[in-house]
Structures are given as C-alpha cells and as structure tokens.
Amino acid sequence: KTKAFIFDLDGVIVDTAKYHFLAWQKLAVSLGITFTHEDNEQLKGVSRVRSLELILGLGNVEATEAQKEEWLVQKNEDYLGYINKMDDSEILPDVMKVLNFLKENNQPIILGSASKNARPILEKVNILHYFDDIVDGNDVSNAKPDPEVFLVGAKKANQTNENSIVFEDSVAGVQAANVAGMISVGIGEASVLNEAKYNFNDFTEISEEFLLELINQ
Ligand code: G16
Ligand code: MG
2 KTKAFIFDLD GVIVDTAKYH FLAWQKLAVS LGITFTHEDN EQLKGVSRVR
52 SLELILGLGN VEATEAQKEE WLVQKNEDYL GYINKMDDSE ILPDVMKVLN
102 FLKENNQPII LGSASKNARP ILEKVNILHY FDDIVDGNDV SNAKPDPEVF
152 LVGAKKANQT NENSIVFEDS VAGVQAANVA GMISVGIGEA SVLNEAKYNF
202 NDFTEISEEF LLELINQ
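Take the sequence shown: its position 152, counted from the start at 1, is 153 in the UniProt record's numbering, and no numbers get skipped.
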C-alpha cells in the first residue's frame, strides 16, 4: 500500500528552534524585551509574523508596519547566519533510519513546514533529495493549526487525508493534522502532545514494525 508521510521540519527533522531562539532573543534584547526559553516554546510551529507579534506583546511594544517589517528582515538575516553553519550532524536521532525505511518501501515523503527557510535547511543537512514534495511557508497562507500545509501535502502525494500520516512536534501542528482527518504522530513529550493519535519522544522509539503497520492499515 501507499500512504503519504508528511514531516514537519523544525523540532522533527532538525532542532532549529535553538537558532530561532538566538535570533529572536537578539531582537528582543535590542528592543528592551525579556524573552526566555520558556517564551520560545510558544513560538514552535508558529509563523514568523505571529512570532514577532507574540514577542512584542511580551514587552507591550507597539510598532508601525514598517518597523515590524524591518525587524523581521533583521531576525531572518541573523537566523540565516546560524542556518548557514548547519550540516548533517544536526539531523535528529534516527530520522535517517525512518526516511530510509520509507524510501525502501516506496512511500511518498513530504515536508509540511511553516518555515520559509525549509529548502535551504534541507539542503544544508543534505536530505533535500529524500523529499518527493515540499510544502512550506512560501506555499500556504494559513498557519497551523489551520491544516492547509498538510492538505496541500497530501494532495501533492495523491493521497486522501485518511491515508496521510503527519509527524509533528508542536501542539498546533498536531491539531492541524487532526482537523484534516490525518493520522497524527506526536514527536516530543506526551503530556504536551496529548491530542496526537500516537506519541514518541523521538524517532529512536519508532520501530520498523510500527511504520509497516502505518503503511498497511
Ligand atoms: C518553523 C518553526 C517556527 C517558525 C516557523 C517560521 O515551523 O517551528 O518557530 O516561526 O517555522 O519559520 P521561518 O522564520 O524560517 O519562516 P515548523 O512548521 O517547521 O515547525
Ligand atoms: Mg515543528
């Protein structure tokens, strides 16, 4: 059988959250806003524009659209500085095991990410060629928990929503998969991702038997 296997990027394939944090924190400090690791949790899976709004809200900072645009560009330039230094050592544990197994079993592999930097990141860590299609922040206008990014992904793989499996580390992403009627697999703490159909701390806990079950069910 054939299913669509849709992967989120940040927090599932690579841990770019730490680079988003450093870049956002630099901006926050320059604006006199305190921005902690805990605050950063709320930005996971959230769009770039919305992330800035959340940070400005923390410091009750008001700004014009032009200022916001400038800060977004600045943050992204800093973020790209970190991305440029990435290599395949930053791929999270056993992600390659899962990607290779799906490839061997001729399953479509799709990226479903909110990031506008998804392609350069996949290139940097040398796995762009694993993906049959990429749906990212450049292709969709509605951010997770809206299911748009996953709906487009399933369509590109010519699969129904019921035959699509989504790997996600964010609550908003799990909700998006569920809303679409897809099978959600939470990657991260079960207590946080309790809406996911299945949950694993990371890919080291995902067996080939489990993947075969997903393919054949
Ligand atoms: C990622 C991150 C978010 C980030 C968003 C936009 O989403 O989780 O923190 O704000 O992309 O990223 P960029 O600024 O690179 O366009 P995902 O969906 O891959 O987890
Ligand atoms: Mg994510």
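C-beta atoms are modelled at their ideal positions from N, C-alpha and C, and glycine is treated no differently.
Here Val175 carries a helix assignment [DSSP, helix/strand/coil].
By the CB criterion at 8 Å, Asp170 and Val15 fall outside the cutoff. By the C-beta density criterion, Pro94 is exposed, having fewer than 16 other C-beta atoms within 10 angstroms. Remark: the C-beta of Asn118 is in contact range of ligand 1, defined as less than 7 Å to any heavy atom. According to the DSSP assignment, Tyr199 belongs to the beta strand (DSSP E) that extends over Tyr199 to Phe201. Judged by the Cβ position, His21 qualifies as a neighbour of ligand 1 at the 7 Å threshold, a heavy atom of the ligand being closer than this. Residues lining ligand 2 by the Cβ criterion, that is a Cβ closer than 5 Å to any of its heavy atoms, are Asp9, Asp11, Gly12, Gly46, Asp170 and Ser171 in chain order.
In the structure shown, Glu149 adopts helical secondary structure according to DSSP, grouped into three states. With 16 or more neighbouring CB atoms inside 10 Å of its own CB, Asn41 falls in the buried class. Cβ-Cβ distances below 6 Å link Asn143 to Glu149 in the same chain, with the five nearest sequence neighbours on each side left out; the list follows chain order. DSSP places Phe22 in the helix class (H, G or I) of the three-state scheme.
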